[in-house]
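Residue numbers (my numbering): 3 to 224.
Yeah, the Cβ is synthetic: ideal placement off N, Cα and C, and Gly gets one too.
Note that the structure is predicted; figures quoted are calculated from it, not measured.
Working notes, beginning with the structure itself.
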């Protein structure tokens with residue numbers, strides 16, 4: 003079972019190398035993808051490569067797999083089991099388990115439980131700020147449709163400059179600006195995404211499509 007998890011992370015890393023983020027998104031969802039990106043980018047900082055820590059990772063991988071397999075295909079049961087894995091794990095699986103639980107809770111309509119999982123990651127001082135910021139950003143993404151646009155933009159601002167998650171934060175900011183009726187600033191924010199050399203290729207494609215749609219809409223309106 004742990005081999006399945008190892009294969010998952012190898013597959014994620016391979017897909018990242020080939021810029022297939024869109025395919026990953028469809029298959030695994032935003033929470034798992036961003037968690038996997040974080041692990042691929044900074045695994046050494048979370049779990050290390052000593053024998054002891056590798057053993058812990060193997061143990062946590064088994065617990066992660068078992069939580070999913072023993073749920074019998076019942077999503078909320080899996081999420082609750084993964085939440086427990088998140089409490090017990092001592093490696094990067096603590097983050098992945100909670101983020102996966104958050105994804106399942108959210109998909110099952112359990113918004114409060116999803117946000118609770120994200121808040122646990124954000125509050126976990128044993129994890130690097132990178133992961134805690136990820137959880138904060140995902141919590142904002144989960145509330146994006148209910149927060150007032152101005153409030154959402156303010157909350158996103160710390161992530162939009164130099165954060166590793168700035169690309170997603172800028173996309174969310176642009177969407178909030180459009181909700182607020184500020185088309186010009188939304189377009190400027192989307193162009194910032196394109197101007198960033200580190201923006202993933204798949205995201206560039208989405209942003210170009212959105213800009214083209216906005217341009218077409220502006221032309222039709224004129």
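| query | result |
| --- | --- |
| Look up residue 128 in the DSSP assignment and say whether it is helix, strand or coil. | coil |
| With three or more beta-carbon pairs closer than 8 Å as the criterion, would you say the region 119-134 touches the region 149-161? | no |
| Could you check whether the Cβ of residue 220 sits closer than 6 Å to any heavy atom belonging to the ligand ADP? | Here there are no bound small molecules, and the ligand ADP is not part of this structure. |
| Based on Cα-Cα distance, which residue from 137, 148, 213 and 135 lies nearest to residue 173? | 213 |
| Just to confirm my understanding: we take residue 78, look at its own chain, exclude 5 residues before and 5 after, and list those with CB closer than 6 Å. What are they? | 110 |
| Using the three-state DSSP reduction, which class does residue 190 fall into: helix, strand or coil? | helix |
| Count the other CB atoms within 10 Å of the CB of residue 105; is the residue buried (16 or more) or exposed (fewer)? | buried |
| In chain order, what residues of the same chain lie with their CB nearer than 6 Å to the CB of residue 115, ignoring the 5 residues before and after it? | 107 |
| In whole angstroms, give me the CA-to-CA distance for residue 206 and residue 195. | 7 Å |
| For residue 85, I'd like the list of residues in its chain whose CB is within less than 6 Å of its CB, leaving aside the five on either flank, ordered along the chain. | 103 |
| Under a three-way DSSP split, which group does residue 91 fall into? | coil |
| Determine the direct distance from the alpha carbon of residue 176 to that of residue 209, and round the result to whole angstroms. | 10 Å |
| Could you please give the first and the last residue of the uninterrupted alpha helix (DSSP H) stretch that includes residue 168? | 168-181 |
| Measure the beta-carbon distance from residue 158 to residue 171 and round it to whole angstroms, keeping in mind my assumption that it falls under 8 Å. | 5 Å |
| Beta-carbon within less than 8 Å of residue 46's beta-carbon, same chain only, minus the 5 sequence neighbours each way: which residues are those? | Unreliable placement is indicated for residue 46, whose pLDDT of 41 sits below 50; the coordinate value is still reported in the next sentence. None. |
| Can you list, in chain order, the residues of its chain with a C-beta nearer than 8 Å to that of residue 179? Leave out the 5 residues immediately preceding and following it. | 151, 155, 185, 187, 188 and 191 |
| Compute the Euclidean distance between the alpha carbons of residue 134 and residue 200, then round it to the nearest angstrom. | 21 Å |
| Which value, in whole angstroms, describes the spacing of the CA atoms of residue 182 and residue 137? | 25 Å |
| Would you tell me roughly how many angstroms separate the C-alpha atoms of residue 169 and residue 140, rounded to the nearest one? | 13 Å |
| Along the chain, where does the alpha helix (DSSP H) that runs through residue 147 open and close? | Where residue 147 is concerned, there is no enclosing alpha helix (DSSP H), given that its DSSP letter is neither H nor E. |
| Under 7 Å, do residue 91 and residue 62 count as touching if we go by C-beta distance? | yes |
| Note down, in chain order, each residue of its chain lying with its Cβ closer than 7 Å to the Cβ of residue 276, except the 5 sequence neighbours on either side. | Outside the shown range of the chain, which is 3 to 224, sits residue 276, and nothing can be said about it. |
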